[in-house]
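Engineer:
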Amino acid sequence: MTAHPTDSAPAAPQGPWLGPGVVVLTGIQAAGKSTVAQALAERLARSVHLRGDTFRRMVVRGRQEMTPDAGASALAQLRLRHRLTAACADQYAQAGFTVIAQDILLGEHLTEMAEHIRTRPLAVVVLTPDPSAVERREAARAKTAYGPDWSVRDLDTALREHTPPIGLWLDTTHQTVEQTVDEILDRAWTEGAIA
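For the sequence shown, the numbering used here begins at 146 and goes up steadily by one.
#1: Check this for me: beta carbons of E253 and P309, under 9 Å apart or not?
#2: Measure the alpha-carbon distance for D301 versus A184 and round it to whole angstroms.
#3: The alpha helix (DSSP H) that contains M194, what's its start and end?
#4: Report yes or no: do three or more beta-carbon pairs, one from the region 223-235 and one from the region 171-189, lie closer than 8 Å?
#5: Which residue marks the beginning of the alpha helix (DSSP H) containing W314, and which one marks its end?
#6: Run through the DSSP bridge pairs and tell me what T171 is partnered with.
#7: Under the three-state reduction of DSSP, which class applies to T302: helix, strand or coil?
#8: Any beta carbon of chain C sitting closer than 9 Å to that of E336?
#9: What is the DSSP secondary structure of A98, counted as helix, strand or coil?
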């Protein structure tokens, strides 16, 4: 995914985008979640970009990081973070905002997040760029998302093979940020809608 603008004018938000709602945006690390969430939020009249990872970083002492062999304490903290994200998203939506809630939600955690969010309309969008594109993006970034515990391929496999296929799944490998946002604006409330 590139950040280069397209030649055409951006699509104007319509329908449910004009009122409050929640879009859960997920994908593996370095898939473009933060960039796309911010760009999408900037296209809407009343919007919030809610970063689920913020709740993890709030824990000053006693934080348990997610690793491949994470124990019960780490999973409990992860689920707490997801519940806090859902509650915060609901509060912003009740105040009239469209919330773009982004986080890494793999396996049953994606379904759990959708269940925790009470606001409707609710849409789920999953960014699925090719793992080699994620590896190139990771190599070009100043920050490092991957370390000794996880590889791009590990998380991509967890996403594609162990995550329920709910919502709108977008292969953003060859899309600009603007193209991805346009596609979300066009398709999220139909193909990504959660009842």
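All residues carry an ideal CB built from backbone N, CA and C; glycine is no exception.
Just so you know, these numbers come straight off a predicted model, no measurement behind them.
Structural biologist: According to the structure shown:
#1: Cβ distance < 9 Å, so E253 and P309 count as in contact.
#2: Cα-Cα distance, rounded: 23 Å.
#3: Position check: residue 194 holds His in this sequence, whereas Met was assumed. Run containing H194: none in the alpha helix (DSSP H); it sits in the beta strand (DSSP E), 192-196.
#4: no
#5: It is not in any alpha helix (DSSP H) - W314 instead sits in the beta strand (DSSP E) that spans 313-315.
#6: V271
#7: helix
#8: Any reference to chain C falls outside this structure, which holds one protein chain only.
#9: Within the shown structure, residues of the chain are numbered from 146 to 340, placing residue 98 beyond reach of any answer.
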